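Asker: Once you've had a glance at the structure underneath, I'll fire off some questions.
There are 2 protein chains.
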Amino acid sequence: MAQTAGVDMSTASRVLRGDVSQRVREETRARILKVAEELAYRPNSLARGLRTARTDTLGIVVPQLDNPVFAAAIRGAEQAAAELGYSLLISHREPGTTATTIAKLSQTNRVDGLLVASLDDDEVLRSDLAAAHVPFVLMNRILPGAPLSVVLDSRAAARKAVAHLAGLGHRRIAHLAGRDQGFNAAQRLDGYRQGLEAAGIAFDPALVATAGYTAEGGARAMAELLPQRPTAVLAATLVSAAGAMSVLHAAGWRIPQDISVAGLHDAPVASLLYPSLTTVMMPTEEMGRVAASLLVRSLSGEHPDPVPPLPPGDLIARASTGPAPG
Amino acid sequence: MAQTAGVDMSTASRVLRGDVSQRVREETRARILKVAEELAYRPNSLARGLRTARTDTLGIVVPQLDNPVFAAAIRGAEQAAAELGYSLLISHREPGTTATTIAKLSQTNRVDGLLVASLDDDEVLRSDLAAAHVPFVLMNRILPGAPLSVVLDSRAAARKAVAHLAGLGHRRIAHLAGRDQGFNAAQRLDGYRQGLEAAGIAFDPALVATAGYTAEGGARAMAELLPQRPTAVLAATLVSAAGAMSVLHAAGWRIPQDISVAGLHDAPVASLLYPSLTTVMMPTEEMGRVAASLLVRSLSGEHPDPVPPLPPGDLIARASTGPAPG
DNA sequence: TTGAAAGCGCTACCAC
DNA sequence: GTGGTAGCGCTTTCAA
Numbered sequence: 542m543a544q545t546a547g548v549d550m551s552t553a554s555r556v557l558r559g560d561v562s563q564r565v566r567e568e569t570r571a572r573i574l575k576v577a578e579e580l581a582y583r584p585n586s587l588a589r590g591l592r593t594a595r596t597d598t599l600g601i602v603v604p605q606l607d608n609p610v611f612a613a614a615i616r617g618a619e620q621a622a623a624e625l626g627y628s629l630l631i632s633h634r635e636p637g638t639t640a641t642t643i644a645k646l647s648q649t650n651r652v653d654g655l656l657v658a659s660l661d662d663d664e665v666l667r668s669d670l671a672a673a674h675v676p677f678v679l680m681n682r683i684l685p686g687a688p689l690s691v692v693l694d695s696r697a698a699a700r701k702a703v704a705h706l707a708g709l710g711h712r713r714i715a716h717l718a719g720r721d722q723g724f725n726a727a728q729r730l731d732g733y734r735q736g737l738e739a740a741g742i743a744f745d746p747a748l749v750a751t752a753g754y755t756a757e758g759g760a761r762a763m764a765e766l767l768p769q770r771p772t773a774v775l776a777a778t779l780v781s782a783a784g785a786m787s788v789l790h791a792a793g794w795r796i797p798q799d800i801s802v803a804g805l806h807d808a809p810v811a812s813l814l815y816p817s818l819t820t821v822m823m824p825t826e827e828m829g830r831v832a833a834s835l836l837v838r839s840l841s842g843e844h845p846d847p848v849p850p851l852p853p854g855d856l857i858a859r860a861s862t863g864p865a866p867g
Numbered sequence: 542m543a544q545t546a547g548v549d550m551s552t553a554s555r556v557l558r559g560d561v562s563q564r565v566r567e568e569t570r571a572r573i574l575k576v577a578e579e580l581a582y583r584p585n586s587l588a589r590g591l592r593t594a595r596t597d598t599l600g601i602v603v604p605q606l607d608n609p610v611f612a613a614a615i616r617g618a619e620q621a622a623a624e625l626g627y628s629l630l631i632s633h634r635e636p637g638t639t640a641t642t643i644a645k646l647s648q649t650n651r652v653d654g655l656l657v658a659s660l661d662d663d664e665v666l667r668s669d670l671a672a673a674h675v676p677f678v679l680m681n682r683i684l685p686g687a688p689l690s691v692v693l694d695s696r697a698a699a700r701k702a703v704a705h706l707a708g709l710g711h712r713r714i715a716h717l718a719g720r721d722q723g724f725n726a727a728q729r730l731d732g733y734r735q736g737l738e739a740a741g742i743a744f745d746p747a748l749v750a751t752a753g754y755t756a757e758g759g760a761r762a763m764a765e766l767l768p769q770r771p772t773a774v775l776a777a778t779l780v781s782a783a784g785a786m787s788v789l790h791a792a793g794w795r796i797p798q799d800i801s802v803a804g805l806h807d808a809p810v811a812s813l814l815y816p817s818l819t820t821v822m823m824p825t826e827e828m829g830r831v832a833a834s835l836l837v838r839s840l841s842g843e844h845p846d847p848v849p850p851l852p853p854g855d856l857i858a859r860a861s862t863g864p865a866p867g
């Protein structure tokens with residue numbers, strides 16, 4: 542390529558990289574660009590990476606791909622990365638491959654840094670990350686000692702949902718919580734309590750059940766709460782909301798006439814449920830964007846300030862919530 | 542690392558790669574392995590790739606990530622790739638970045654080959670792939686002139702679904718078809734007709750509407766077909782089935798008492814719908830596995846025979862289908 | 001059985 | 001403003 546243009550390789554490299562530290566005659570530059578274009582020249586990224594010890598690539602590690610939350614985070618991260626001149630290498634960690642995934646990405650010099658979303662316990666995650674020899678940013682969770690993370694304000698989101706239900710006149714509002722131990726679960730539970738308090742409703746532990754993040758968990762927890770005769774329920778996720786709704790249908794409770802159901806996070810599946818689910822939108826795509834740019838900044842030697850939790854979006858009132866009965 | 546073990550780099554390389562063409566004294570090998578272990582040595586994959594002109598990495602390109610079909614294909618591909626000593630680089634193509642995605646992956650020497658799932662038109666896809674300078678295998682579609690592809694037998698799947706509905710006594714079975722032009726849509730329509738024929742039911746074009754692959758499309762198509770008073774409907778996808786169900790609920794049709802609904806492909810969301818959706822399982826994960834191994838074989842210089850369409854899995858009878866009314 | 005050395009394609013430094 | 005060149009970390013051929 543360089544010899545076709547009649548210039549030295551190094552000159553071609555300067556032009557092609559857009560190096561501005563040294564100037565190149567306009568005519569030469571044009572010739573190089575033209576030849577590169579004609580030959581559809583693409584620099585070998587392996588050689589470049591070997592030389593520069595950078596790949597201009599970020600890795601993103603998520604627990605699952607077919608999950609709207611992570612899919613949106615990936616989209617956001619990819620967009621921000623592209624704008625900053627980075628590619629994104631996507632990886633998901635099947636259960637059991639936890640440690641390996643991070644290791645593979647980081648120890649083989651394929652990525653400059655890592656965006657990590659994980660549902661693992663603190664200790665597991667911490668040791669996995671310790672083995673990663675690259676900078677990383679956590680998404681949707683905090684880990685003591687890991688300074689860079691971007692989280693959603695799920696406390697505010699839960700508060701918002703409770704406010705909506707209370708505004709409809711509900712007083713017996715149940716909560717299908719996430720995992721017992723878990724940063725987000727605690728946040729949401731806290732937001733739920735704050736929401737109750739703001740509405741002047743006393744907190745009743747009997748109206749809270751642990752549902753985890755599966756439909757089965759949601760169903761089990763809802764079944765557990767039926768005897769308490771709640772008139773509304775706030776589920777931690779769309780999936781647990783769906784599980785709860787199936788139990789309600791089976792029990793002959795009408796939604797929303799007998800009971801209102803709301804969930805956190807918004808995704809297309811919310812409108813597919815029956816009745817369509819009232820949700821609070823969460824800026825998951827934004828989370829990916831922010832995480833990626835945080836990572837890139839820290840790769841360039843900056844020490845960015847911690848990012849405050851991203852506030853929830855609007856509450857989307859759909860068919861699953863309505864006025865309190867009676 | 543080599544000098545720590547007191548051997549030459551080349552000897553270390555031979556041992557670490559498991560090169561059997563030359564023998565190494567057992568003692569030396571043990572020493573190298575031990576030191577490598579102690580230092581947690583990981584070969585630099587960029588340097589290796591630069592030297593060998595191989596990355597032992599496959600790329601997989603899908604239109605969306607939060608789609609159970611593609612997520613399963615990715616899982617399968619990743620599993621097969623890992624077993625064959627390859628990593629998988631996942632990429633999704635936002636609308637508009639169609640050409641670039643394939644180009645970026647293949648022209649920067651980052652992957653040895655590509656697995657491609659695409660919803661694009663033949664011509665678009667063809668020219669994108671022409672620009673890719675690596676071998677590729679198509680998933681879930683055929684493209685004239687592209688010899689390597691792995692498809693699901695969606696014709697058989699549609700046949701199976703119709704057989705189930707006919708077996709329940711339905712005679713007026715509608716079909717929510719996919720895109721007008723499209724390999725899979727045509728296959729499914731064909732299977733639908735074959736299923737009708739096998740059940741001795743005459744094909745009625747008035748019972749077929751184009752729904753595409755969205756909930757809105759499914760809803761629109763279902764609304765269109767209501768005046769035909771079908772007693773059962775086969776939707777091309779889960780999502781269009783969900784759209785159809787929302788219209789049926791709104792119109793006051795009871796599922797399955799007034800109308801049975803079935804969809805193709807199975808995924809957790811099928812059980813979240815109300816009522817839970819009867820589906821035909823499709824071997825999408827297997828598709829990814831087969832595609833990956835096909836690609837690896839063709840990378841090693843083999844010329845594998847074309848793979849016949851993968852037969853559908855079982856029909857999962859859930860709550861959305863029941864005996865024909867009357 | 002092991003070592004020496006070339007070279008993959010590029011960047012970055014230095015010389016001119 | 002441009003060219004020469006060393007060297008990134010590895011594999012592979014050849015020599016010892």
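Just so you know, the protein sequences line up as chains A and B, in that order.
Just add 541 to wherever you are in the first sequence, counting from 1, and you've got my numbering.
Just add 541 to wherever you are in the second sequence, counting from 1, and you've got my numbering.
By construction, the Cβ of each residue, glycine as well, lies at the ideal position given by its N, Cα and C atoms.
Because the structure is a prediction, the values reported are computed rather than measured.
Could you have a look at F611(A) and say whether DSSP puts it in helix, strand or coil?
Answerer: Reduced to three states, the DSSP call for F611(A) is helix.
Asker: Touching or not, the region 624-636 of chain B and the region 594-604 of chain B, by the rule of three or more beta carbon pairs under 8 Å?
Answerer: Taking 8 Å as the limit for Cβ pairs, the verdict is that the region 594-604 of chain B does touch the region 624-636 of chain B.
Asker: Name the one or two DSSP bridge partners that T724(A) has.
Answerer: First, the residue type needs correcting, since residue 724(A) is Phe and not Thr in the sequence shown. Answer is none; F724(A) lacks a bridge partner.
Asker: Anything in chain A within Cβ reach of Q798(B), meaning under 8 Å, just list it in chain order.
Answerer: Near Q798(B) there are no residues of chain A at all, since even the closest Cβ is about 14 Å away, more than 8 Å.
Asker: Would L606(B) and A612(A) qualify as a contact pair, given that the criterion is a beta-carbon distance under 7 Å?
Answerer: It is a contact, given that the beta carbons lie within the stated cut-off.
Asker: Rounded to whole angstroms, how far is the Cβ of A672(B) from the Cβ of I643(B), which I believe are closer than 8 Å?
Answerer: Confirmed, about 7 Å.
Asker: Could you have a look at G854(B) and say whether DSSP puts it in helix, strand or coil?
Answerer: In this structure, G854(B) counts as coil in the three-state DSSP scheme.
Asker: Just checking, does the region 836-852 of chain B make contact with the region 660-669 of chain B on the three C-beta pairs under 8 Å criterion?
Answerer: Judged by Cβ distances under 8 Å, the region 836-852 of chain B makes no contact with the region 660-669 of chain B, as fewer than three pairs qualify.
Asker: Against chain A, does D607(B) count as a neighbour if the rule is that its beta carbon must be under 7 Å from one of theirs?
Answerer: Output row for D607(B): interface = yes.
Asker: Thinking C-alpha only, which one of A833(B), D855(B) and H711(B) is nearest L805(B)?
Answerer: Checking every option, the nearest Cα to that of L805(B) belongs to D855(B).
Asker: Extract the residue ranges of the beta strand (DSSP E) inside the region 731-806 of chain B, only unbroken runs of 3 or more that lie entirely within it.
Answerer: Segments of the beta strand (DSSP E) lying fully in the region 731-806 of chain B: 749-751, 773-776 and 801-805.
Asker: Within 10 angstroms of its Cβ, does T552(A) collect 16 or more other Cβ (buried), or is it exposed?
Answerer: T552(A) is buried by the Cβ-count criterion.
Asker: Using C-beta distances below 7 Å, list every residue in its chain close to M828(B), excluding the 5 sequence neighbours before and after it, in chain order.
Answerer: For M828(B), where only same-chain residues beyond five positions count, the Cβ hits under 7 Å are A614, G617, M680, N681, V691, L693 and L851.
Asker: Assuming V780(A) and A803(A) form a contact by the criterion Cβ under 8 Å, report the distance between their Cβ atoms to the nearest whole angstrom.
Answerer: Wrong, their Cβ atoms sit about 14 Å apart, outside the cutoff.
Asker: Quick one: what's got a C-beta closer than 6 Å to R696(B)'s C-beta in the same chain, skipping five residues either side?
Answerer: These residues qualify, in order along the chain: Q728, D731 and G732.
Asker: What is the DSSP secondary structure of A553(A), counted as helix, strand or coil?
Answerer: It is helical.
Asker: By DSSP, does T825(A) sit in helix, in strand, or in coil?
Answerer: The answer is helix: DSSP assigns T825(A) an H, G or I state.
Asker: Residues of chain A with CB under 7 Å from L587(B), in chain order?
Answerer: Within 7 Å Cβ-Cβ: L587, G590, L591 and N650.
Asker: Y815(B) versus chain A: which residues are under 8 Å apart at the beta carbon?
Answerer: Going along chain A in sequence order, the residues near Y815(B) (Cβ under 8 Å) are M786, S787, H790, L814 and Y815.
Asker: How big is the Cα-Cα spacing for G758(A) and M786(A)?
Answerer: Rounded to whole angstroms, G758(A) to M786(A) spans 12 Å at the Cα level.
Asker: If you compare alpha carbons, which of V848(B), P809(B), A739(B) and H711(B) is closest to P797(B)?
Answerer: The shortest C-alpha separation from P797(B) is found at H711(B).
Asker: When DSSP builds the beta bridges, which residues end up paired with L679(A)?
Answerer: Its beta-bridge partners are V657(A) and S690(A).
Asker: Judging by CA-CA distance, which residue of L789(A), A752(A) and V675(A) is the nearest neighbour of D597(A)?
Answerer: The shortest C-alpha separation from D597(A) is found at V675(A).
Asker: Among A718(A), R720(A) and E738(A), whose alpha-carbon lies nearest the alpha-carbon of A704(A)?
Answerer: For the residues A718(A), R720(A) and E738(A), the minimum Cα distance to A704(A) belongs to E738(A).
Asker: If the cut is a Cβ gap below 8 Å, which residues of chain A does V810(B) touch?
Answerer: What V810(B) touches in chain A: V810 and L813.
Asker: Looking at P866(B) and T751(B), is the spacing between their C-beta atoms short of 7 Å?
Answerer: No. Outside cutoff.
Asker: So I615(B) contacts chain A; which residues on that side make the cut at Cβ distance below 8 Å?
Answerer: Residues of chain A passing the Cβ test: L606 and H633.
Asker: Can you have a look at T820(B) and say buried or exposed, based on whether 16 or more other CB atoms are within 10 angstroms of its CB?
Answerer: Classification for T820(B): buried.
Asker: Could you confirm whether any beta carbon from chain A is found closer than 7 Å to the beta carbon of A726(B)?
Answerer: Cβ-Cβ to chain A under 7 Å: no for A726(B).
Asker: Please tell me whether R830(A) has its Cβ less than 7 Å away from any Cβ of chain B.
Answerer: No, its Cβ sits nowhere closer than 7 Å to a Cβ of chain B.
Asker: Taking 7 Å as the threshold (beta carbon to beta carbon), is A756(A) in contact with chain B?
Answerer: Answer yes: the Cβ-Cβ gap between A756(A) and chain B drops below 7 Å somewhere.
Asker: If you count every other CB in all the chains shown that lies within 10 Å of the CB of A594(A), and 16 or more means buried, which is it?
Answerer: A594(A) should be labelled exposed.
Asker: Could you work out which residues of chain B lie near S628(A), taking near to mean beta carbons separated by less than 8 Å?
Answerer: Under the 8 Å cutoff, chain B gives K645.
Asker: At 9 Å on the CB atoms, spell out the chain A contacts of A673(B), in chain order.
Answerer: Within 9 Å Cβ-Cβ: nothing; A673(B) doesn't reach chain A, min ~12 Å.
Asker: Just verifying my parser: in three-state terms, what is the DSSP assignment at A718(A)?
Answerer: A718(A): strand per DSSP, three-state reduction.
Asker: Which two residues bound the contiguous alpha helix (DSSP H) that contains T598(B)?
Answerer: T598(B) -> not in any alpha helix (DSSP H); beta strand (DSSP E) instead, spanning T598 to V603.
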